[in-house]
Every structure is written in C-alpha cells, then in structure tokens.
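Let me begin by presenting the structure, written as structure tokens, before commenting on it.
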Amino acid sequence: MIAFNKYYNHFNLLSSVLIVVSLLLLIFKGLNFGIDFKGGTLIELRASDSKINVSSLRDRFNQMDLGDVSVKKFGNDTDFLVKFENKDNKKNIIEEIKTNLDKSFGNNYDFRRVENVGPKVSAELLKSGVIAISLSLALMLIYIWIRFEWQFSLGAILALFHDVIVTLGVFSLFSLEINLSIIAAVLTIVGYSMNDTVVIFDRVRENLRKYSDIKIFELTNISINETLSRTIITSATTLLALLAIYFFGGEILKGFSLAMILGVVFGTYSSIYIANTVLVRLRVSQKTVLREDDQK
Amino acid sequence: MLYFSKLRILFITLFSVLFILIASSNLFKFDDDFFDKKINLGLDLQGGSYLLLEIDNEPVIEQKLQNLTTTIRNYFKEKNIKINNIKIDNQNIFFNVTNNDKQSVLDVFQDENSDLNPYYPRFKSHQLEIEDTGLNLKVNFSRQGLIKLKTSSQDQAIEIVRRRVDEVGTNEPNILKRGNNRILVELPGLDDPMRIKSLLGKTANLTFRFVTNDENDRFGVEKLKFENGLEEATVSKRIIISGENLLDAQPKMDTQANQTIVSFTLDRVGAKRFGKATSTGIGKQLAIVLDGKIISAPVVRDTIASGSGQISGGFTFQTATDLALLLRSGALPAPLEIIEERTVGPDLGQDSINAGMIALAIGFMLVIIFMFVKYKIFGLITNVTLIVNLFILLGVLTLFEATLTLPGIAGIILTVGMAVDANVLIFERIKEELKDETNNILAFDGGYTKSRTAILDANITTLLAAIILFFMGSGPVKGFAVTLGVGIFTTLFSVYFIARLFTSIYVSRNKDKEKLI
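In order, the protein sequence lines correspond to chains A and B.
According to my numbering, the stretch in the first sequence is residues 1 to 296, in order.
According to my numbering, the stretch in the second sequence is residues 297 to 813, in order.
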C-alpha cells in the first residue's frame, strides 16, 4: 500500500501555490483568445513555392493595413496560419488579400481555410463559453450534492475548480490559444475529473460504512489504494487515446488534445490530493454517512 | 449477474449485428431508402462554407415609422381629431394634441379592436405603445411589435436568400433561421464562397425613376451617384416601376451594340405603368437605380408598351448574369451583413479525415495492446467489446444521420479511451472479491454488483458535460458532444451486455480455476 496520506499537506500546499499562480497569470497575463472570442480573420494558407515563407508573408500582409497581423508556420513548412484583427470588419477583405497576394506570389498558394468572426459574434461566443463552463460546474455540484454528503460535494467541487483553473493557467503561461474547441476540452475535463473523484469517493463512503474504527486519514488512503489500479489504467488508456489525437490528429486538434491531456493529469492528481484531503480536513467520520442513511 | 437466458443472448447478438450492418452501410450504396443512411460529414471534413448573416432591421423600422406617420395623420384627420407637429425622432413618433382630444387619441391606441394599432391577444400586447407625456405624445413599437416586425423581415429575407443560393446551384445548401434576426447558410462542398457572399451582400432594390432638374418635383428629389462612383444625377423620388414588377430577367448579348445586357419582362401592372411613363417622358432620362446607385440612365426614345426592356451598363457576362439573378430572386427586405464566416477547402477536409482516421487507428491499437497486456483473457474480452462498441457507435450515428466533425472524431477516440473504464472498474472489483471469495462465480457476481454505482456515477457526470456542450456548442463542437454522449450509451450497453456475456461464458467454463483474473 502506498502512503498517499503522508503527503497530503505537501501537496495541499503545492495545489494552493498552483492555483494562486494560475489565478495571478489569468488576471495579469490573461488568456490568448483566438478569433472565436476576440473577433478577426484567420487564413490557413498552403504554399507551393519556397519563396513564400513567414517573413515574406508578413511583409505582404503588413502592407495591407489590416491591423495587428500574426503569421505562423502551421504544422509543416508549406502551411501557414495568418491572423489579423480586421478591425473595420471590411466586407471583401478576402478578395482584396487574394488580389494582393496574386501580385507577389502568382498562383503558388492556396487558401485552405478562412474564418472570419465579427465582433458581435465573438462576444456572444465568449459569453456562451463562460455560461457553458459555469453551467457544467453547477450541474456537477447539484449532482454530487444529491449523491453524496456535503463534505464530499465540497471536496469534488474544489478538485474541479483546481483542474479548470490550473489548466487555464498553463494555457495562459504558454500563451496557448483559447478557441471554441478548448471550451469543449474544458467541459470534458470537468466530466472526467468528476468521474475520477466520484469513483474514489464511492469507495470512501463504502469503507466508512464498513469500518467504524479507522480514522478518515487512514481510510482515504485505503480507498485510494483500493481504486488505484483502476485510476492508473483508466488515465493510461485515456491518455493513450489523447496522445494519438495530439500526435496524429492534425494541427487543428492539437490545442484541444493538449488541454485534455493536461486536464486528465490534473484531474487524476486532484481526485487523490484535493478531493480526499477535504474529507480529512472536514473530519468526515462514519457518523457523517450514517446520519445521511438514517434520513433516507 | 452471470446468468443469461437464451432469449437475451439472441437479443444481444441481433442488436449488435444490426448496428454493425448499419455502420457498414456507410461503405456501400443501397437502393433502399432505409438502408441507404450515411453519416453526414461536417463542413470541416467535407469542405464548404458556413455563413451567419444578420439582418439590419434599422432601415425597415425607419421605413415603417415613416409610413406610420402618414397613416396616423390621415386616420385622425378622418376622425376630425386635430394632431400636429408629427415627427420622428430616434425611432419614436412624437405629435401634439389638444387637451380636449387627448383622451380620444389615447383611446384609439389602447382599443383592442383598433385598426390603427393591431392587438395581439396571444401576447396581450399592442403593436404600438403610446406614452402620455403631457400634450406631446410619444408612440413607438412595443416589444411584441418589434418582434413581429423582425420575424416578418426574417421570413422574407430567408426566402430571398434561399432563392439566390438555389439559383447559383450549390449542392444541398442548408438555410436556417437563427434567433429573430439571423440566417445561417451552410454550403457544403463550396470552395470559394465569394460569389455567393457578394450575391447575399446586395439588397437588390431596383427602381426606375426619371432624372429631373426640377428641384421642386412634387415627390421630392435626391442626388444619386452612378455605379462608377464618379458622376452624379438628380433623380425624382417618384418610382415608375420597381423590382417587384419584374417577372423575369436574363443576361443577353446585344449583338448590335456588342455588349452584354440584362433583358427583363414586366408584369401587367408594371407594363402599363412603364408604357405610360415612356410615352409621356420621351426625351427624358430614365435612371435605373439599384441599391441607391444608378446603373445607367438611358434617354427614352419610344413608348415601350410591350412590357419588356433591357438594362445596359457596361456589364461583363458575369456581372450581367448576377444582376439578372438578383432581379429574378427579388429584393431583400433589409440589408444583410455577414457576421461570421468559416470556409474549409475540400483538400483540408480530406486531410482532416485522414489525420482523424490515423489517430483513431493508432489510439485504438494502443488501448487494445495495453488492455491485453494488463488483463490477458479479460483484456481480450474488453477489446472485442471495444470493437463492437465502436461499430455500434458508428451505427447509431448512421441511423440518426448525425453529422460527424473533426472534434467528433476526437470524441470517438476519447470514447475508446474512456470506454475501458467501466470494464476496468468491474475487473478490479472482481480481483478484490477473489481475495476473500473462493467461489469464482460468486466473486464475479459481487464484482459486477458492487461496481455498479461507481460506473453509473462516472458515466452520468460525463453525460452531463456532453449535454451542456450539445446545447451550448456550435458546429464542429456540437459534433464532439454528439459522439461523446452517444458513446456513453453504447459503452454501457457493450459493457453490461456484450462483455458480461463473454465473461459469463468464460467464468462458467472455468468455475474451479484458480487465479482467474
């Protein structure tokens, strides 16, 4: 049996630091919102001429007065991702850009993807993203509140917040782009993290009923160990699937799968080191579950 | 938990086979409608254009208020009630009343049978609201009145949009209402949406009006620019004929002048008016105005009574074709703005499919190898279940003709990764049971029973997340929610029926074997 409980305090401290640092990052550095949430235009371009590279593209686009332009390589050497604000929301902007690029590069390039999100839509998308995440947290709270005693609910929700905040913190730290698919990833993380926590909690509660003489400090450790191989196997297979998406699923899914990978790692960690420690700190005992049983 | 009746085995087999067949129907072509179901590929996978249009209702509201002032003025004139100083300011109509007439004016607006101010019993609201601010009254649209106005202009606009898109002839466009002032247009397979974008961006409000030098024209005048943006002309506000009077419009080659023109045919009313105007207006310039710009202003040489005519204006064949198309499909009630556009080229879509399939294959292989190494014979059972699960998932998606997107493929891969969870929970529980239980069958029974709540909890939480995503997400993300959500149900089915069936067969044959798992 691994003595997970020996490190409860250490990891609580670590988690607190992680959360504080993430919050500071989110407040002061902020998130790198993609055009979905910031508005603007995105062009994915494939070149068939080696003359076309990041710097020559940047030159051309900067001459076109489009506001802030970012040009990046996208996946391989011939693909580029161009993003700009399109502040005035010009109507025929794509046509203009094509005519302009034709002059310099002829027919040696191809627009593979064009996305243009107006300021109104991006504001709405951001709002619905925030609502979706809040709503999912609220629903999880309600669900766990119905299923378990309040001490458990608090533990699970704290673990959830930890996972969401720290994942977003990592995205802020490395300036990774937040777009619609990241919201989907965060929601899935919420589901996964909850799932992981609930499985351990289920066992904690079962053991609370079974043993009246074991203190919660020990009992959580027993429960974690009993469910440990399941925790490891499920995270492993989920991570294997996600790694496959990350490495082979193409550029578009990179951010999404990265967020999920982070979420699975944090989710697994928080089930053990946040959710359970809350139970310990709240001195959950056999009485906690039996009282609830009596009421039912 | 380990006992299966013959009937149940039959049911499980039939069910699985059915969905495997449905899933494989994606690969074949069937003549029969029921079997010829396919998973739809989202725009991000098959390539195509997604356009979100917003109707700018401001001009419509302005126009309606303008008409209303006339109606109100005439209405009260007829009733011999004096109102004066009627004007529009910031989408409100203001007018003055005398102390004596005030109550009767208010009554007219608040009467449920009023023909001036329609009443909607369903919403318990009038079209217009009147605010009593002393002797100066303020009238504006009520909330319901505005909603009615918006939905009606949306209804008209979506019809015109549909006609224009159909005329261009893309395959299976999807045109839907969004809210009460937006229209969603999905154009699968369309690589370059520029032509459609420019067609949808035009209101196509066509009028024929005389050019005049008389500033005191009875109908008022306005200065309009020509299409080229250089010249200007003063045009009467009196409309001879408008786009509504057109029956047909076609691009033609005028061989005499060697230029492309648009020839049009007028309806009966239009032909009459056009004939009259051209007979009285010989020698005058008739301006052809489209969306506030003059296309051309030819001099009337003859009376045109045939009800047909032509527009020239230095068109290329393409611009003439587009103008004819716009005129045929009619004018939009209000200008449209494209507020969101997402276009994916077909080769990127194919690349995404390929990448998704490779990721699925690799993810699947990794999970299968992992499970086999970890659980041997039970790993094998899990793996067979996983494969059947994948087919059932695809089968369900096919049956409902769901739309598969790139994130949707990610959802399938993720389902593969998470689907083993339930089996792992059961197997681990069985292992624990076997520590104190010598009877294999009882241990397996206990494993299944005792892991049930955890499995249920785990899947409900994921399902909740998927449901929220489905309702809040848009486009590709919705596809992810669909595969994730459907995946939960197929996983539960395959774990509790298929995997359990195999397990029960294996365990009953090895009742007395030690170290079963």
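Every residue, glycine too, gets a C-beta built ideally from N, C-alpha and C.
Exercise for the section: Please state if the CB of valine 803(B) and the CB of phenylalanine 740(B) are separated by a distance shorter than 8 Å. Expected result: Mapped onto the second sequence, residue 740(B) falls at position 444. Mapped onto the second sequence, residue 803(B) falls at position 507. Yes; because the gap between Cβ atoms is below 8 Å, this pair is in contact.
Handout entry: Bounding residues of the alpha helix (DSSP H) (the contiguous stretch that carries valine 481(B))
Key = Numbered from 1 along the second sequence, position 185 holds the residue referred to as residue 481(B). Here valine 481(B) belongs to no alpha helix (DSSP H); instead the beta strand (DSSP E) covers 478-484.
Practice task
Identify whether phenylalanine 696(B) lies in helix, strand or coil by the three-state DSSP scheme.
Solution key: Residue numbering aside, residue 696(B) sits at position 400 when the second sequence is read from its first letter. The answer is coil: DSSP assigns phenylalanine 696(B) none of H, G, I, E or B.
Practice task
Note down, in chain order, each residue of its chain lying with its Cβ closer than 6 Å to the Cβ of alanine 616(B), except the 5 sequence neighbours on either side.
Solution key: Locating residue 616(B) in the second sequence gives position 320, counting from the first residue. The beta carbon of alanine 616(B) sits closer than 6 Å to those of Pro547, Thr556 and Val558, all from its chain and outside the five residues before and after it, given in chain order.
Handout entry: Three-state class that DSSP yields for valine 596(B) in the structure shown
Key = Position 300 of the second sequence, counted from the start, is the residue given in the question as residue 596(B). In the three-state scheme derived from DSSP, where H, G and I count as helix and E and B as strand, valine 596(B) is classed as coil.
Handout entry: Alpha-carbon spacing of leucine 258(A) relative to serine 181(A), whole angstroms
Key = Along the first sequence, one-based indexing puts residue 258(A) at 258. Along the first sequence, one-based indexing puts residue 181(A) at 181. About 11 Å.
Practice task
Kindly say whether isoleucine 635(B), judged by its beta-carbon, lies nearer than 8 Å to any beta-carbon of chain A.
Solution key: Working through the second sequence from its first residue, we reach residue 635(B) at position 339. Isoleucine 635(B) counts as touching chain A.
Practice task
May I have the straight-line CA-CA distance separating alanine 761(B) from asparagine 86(A), to the nearest angstrom?
Solution key: Along the second sequence, read from residue 1 onward, the residue named residue 761(B) stands at position 465. Along the first sequence, read from residue 1 onward, the residue named residue 86(A) stands at position 86. If I take the Cα positions, the gap works out to 34 Å.
Exercise for the section: Could you list the residues in the stretch 628-662 of chain B with a C-beta less than 7 Å from some C-beta on chain A, going in chain order? Expected result: Of all residues in the stretch 628-662 of chain B, those with a C-beta nearer than 7 Å to a C-beta of chain A are Ile635, Glu636, Glu637, Arg638, Thr639, Val640, Gly641, Asp643, Leu644, Asp647, Ser648, Ala651, Gly652, Ile654, Ala655, Ile658, Gly659 and Leu662, reading in chain order.
Practice task
Check the DSSP bridge columns for valine 531(B) and list the partner residues they point to.
Solution key: Mapped onto the second sequence, residue 531(B) falls at position 235. According to DSSP, valine 531(B) bridges with Val507(B) and Glu518(B).
Practice task
Show which residues of chain B have a CB atom less than 7 Å away from the CB atom of aspartate 202(A).
Solution key: On the first sequence, position 202 is the one that residue 202(A) refers to. Neighbours of aspartate 202(A) in chain B, taken as residues at a C-beta separation under 7 Å, are given in chain order as Thr749, Ala750 and Asp753.
Problem - In DSSP terms, what serine 70(A) is bridged to - result: Counting from one through the first sequence, the residue named residue 70(A) turns up at place 70. Lys83(A), per the DSSP bridge assignment.
Exercise for the section: Go ahead and label glycine 528(B) buried or exposed: buried means 16 or more other beta carbons lie within 10 angstroms of its beta carbon, across all protein chains shown. Expected result: Translated into positions along the second sequence, residue 528(B) becomes position 232. The identity of residue 528(B) in the sequence shown is glutamate, whereas the question assumes glycine. Label assigned to glutamate 528(B): exposed.
Exercise for the section: Specify, as a first and last residue, the run of the alpha helix (DSSP H) that glycine 40(A) falls within. Expected result: Numbered from its first residue, the first sequence carries residue 40(A) at position 40. In the DSSP annotation of this structure, glycine 40(A) is not part of any alpha helix (DSSP H); the continuous beta strand (DSSP E) holding it starts and ends at 40-47.
Practice task
Assign serine 153(A) to buried or exposed, taking buried as 16 or more other Cβ atoms, counted over all protein chains shown, within 10 Å of its Cβ.
Solution key: For this step, residue 153(A) is matched to residue 153 along the first sequence. When all chains shown are included, serine 153(A) counts as buried.
Practice task
Measure from the C-beta of threonine 681(B) to each C-beta in chain A and report whether the shortest distance is under 8 Å.
Solution key: Position 385 of the second sequence holds residue 681(B). It does not: the Cβ of threonine 681(B) has no partner Cβ on chain A nearer than 8 Å.
Exercise for the section: Can you tell me the Cβ-Cβ gap for leucine 480(B) and leucine 702(B), rounded? I've got them flagged as a contact below 8 Å. Expected result: On the second sequence, position 184 is the one that residue 480(B) refers to. On the second sequence, position 406 is the one that residue 702(B) refers to. About 19 Å separates the two Cβ atoms, so there is no contact after all.
Exercise for the section: May I ask you to verify whether the stretch 485-499 of chain B touches the stretch 622-634 of chain B, counting CB pairs closer than 8 Å and requiring at least 3? Expected result: In short, these stretches touch, since the Cβ pair count reaches three.
Practice task
Just the chain D side, please: which residues come within less than 9 Å of lysine 731(B) by C-beta, in chain order?
Solution key: Among the protein chains in the structure shown, which are A and B, there is no chain D.
Problem - CB-CB length for isoleucine 216(A) against serine 285(A), believed under 8 Å - result: Mapped onto the first sequence, residue 216(A) falls at position 216. Mapped onto the first sequence, residue 285(A) falls at position 285. Going by Cβ atoms, the distance from isoleucine 216(A) to serine 285(A) rounds to 6 Å, so yes, they are a contact pair.
Practice task
Within the same chain, show all residues whose beta-carbon is closer than 6 Å to that of valine 166(A), passing over the 5 residues directly before and after it, in chain order.
Solution key: Taking the first sequence and counting its residues from 1, the one referred to as residue 166(A) is at position 166. Excluding sequence neighbours, valine 166(A) sits near Leu18, Ser22 and Phe266.
Practice task
Could you name the residues of the same chain whose beta carbon sits closer than 6 Å to that of arginine 205(A), not counting the 5 residues immediately before and after it, in chain order?
Solution key: Here residue 205(A) refers to the residue found at position 205 when the first sequence is read from its first residue. Only Val289 meet the Cβ criterion.
Exercise for the section: Counting only the same chain and skipping the five closest in sequence on each side, list residues whose C-beta sits under 8 Å from that of isoleucine 133(A). Expected result: Looking up residue 133(A) in the first sequence gives position 133. Around isoleucine 133(A): Val164, Ile183, Val186, Leu187 and Val190.
Exercise for the section: Confirm, please, whether the CB-CB distance from threonine 220(A) to valine 280(A) is below 8 Å. Expected result: Here residue 280(A) is taken as the residue at index 280 of the first sequence, counted from 1. Here residue 220(A) is taken as the residue at index 220 of the first sequence, counted from 1. Taking 8 Å as the Cβ cut-off, valine 280(A) and threonine 220(A) qualify as a contacting pair.
Practice task
Would you be able to state if there are at least three C-beta pairs under 8 Å between the stretch 677-697 of chain B and the stretch 751-766 of chain B?
Solution key: No contact exists between the stretch 751-766 of chain B and the stretch 677-697 of chain B.
Problem - Below-8 Å beta-carbon distance, glycine 781(B) vs any chain A residue - result: In the second sequence, counting from the first residue as 1, residue 781(B) sits at position 485. Not one chain A Cβ lies under 8 Å of glycine 781(B).
Exercise for the section: Decide if the stretch 466-473 of chain B is in contact with the stretch 481-494 of chain B; the criterion is three or more beta carbon pairs, one per stretch, under 8 Å apart. Expected result: Touching, per the Cβ criterion.
Exercise for the section: Enumerate in chain order the residues of its own chain whose CB-to-CB distance from alanine 655(B) is below 7 Å, with the five nearest sequence positions on each side excluded. Expected result: In the second sequence, counting from the first residue as 1, residue 655(B) sits at position 359. Taken in chain order, the residues that qualify are Ile709.
Exercise for the section: Taking C-beta pairs closer than 9 Å, name the residues in chain A that glutamate 463(B) reaches, listed in chain order. Expected result: Numbered from its first residue, the second sequence carries residue 463(B) at position 167. Under a criterion of Cβ atoms nearer than 9 Å, no residue of chain A is adjacent to glutamate 463(B); the nearest Cβ is some 21 Å distant.
Practice task
Name the residue from Asn432(B), Gly430(B) and Lys444(B) whose alpha carbon lies nearest to the alpha carbon of leucine 424(B).
Solution key: As a position in the second sequence, residue 424(B) is number 128, starting the count at 1. Per the Cα distances, Lys444(B).
Handout entry: Chain-ordered neighbours of phenylalanine 776(B) on chain A, where CB pairs are closer than 7 Å
Key = Here residue 776(B) refers to the residue found at position 480 when the second sequence is read from its first residue. The CB of phenylalanine 776(B) comes closer than 7 Å to the CB of Ala184 in chain A, given here in chain order.
Problem - Residues bridged to alanine 573(B) (per DSSP) - result: As a first step, residue 573(B) must be located in the second sequence, where it is residue number 277. BP columns for alanine 573(B) are empty, so no partner.
Handout entry: N- and C-terminal bounds of the beta strand (DSSP E) containing glutamine 555(B)
Key = Your numbering for residue 555(B) matches position 259 in the second sequence. Membership of glutamine 555(B) in the beta strand (DSSP E) is indicated by the continuous run 555-562.
Practice task
Identify the continuous beta strand (DSSP E) that holds isoleucine 351(B) and give its terminal residues.
Solution key: Here the question's residue 351(B) lines up with position 55 in the second sequence. Looking at the DSSP string, the run of the beta strand (DSSP E) that includes isoleucine 351(B) is 344-351.
Handout entry: Segments assigned alpha helix (DSSP H), at least 4 residues, entirely inside the stretch 174-261 of chain A
Key = Runs of the alpha helix (DSSP H) inside the stretch 174-261 of chain A: 180-210, 216-226 and 228-248.
Handout entry: Neighbour flag for isoleucine 709(B) against chain A, beta carbons, 8 Å
Key = Residue mapping note: residue 709(B) aligns to position 413 of the second sequence, counting from 1. Interface residue, yes.
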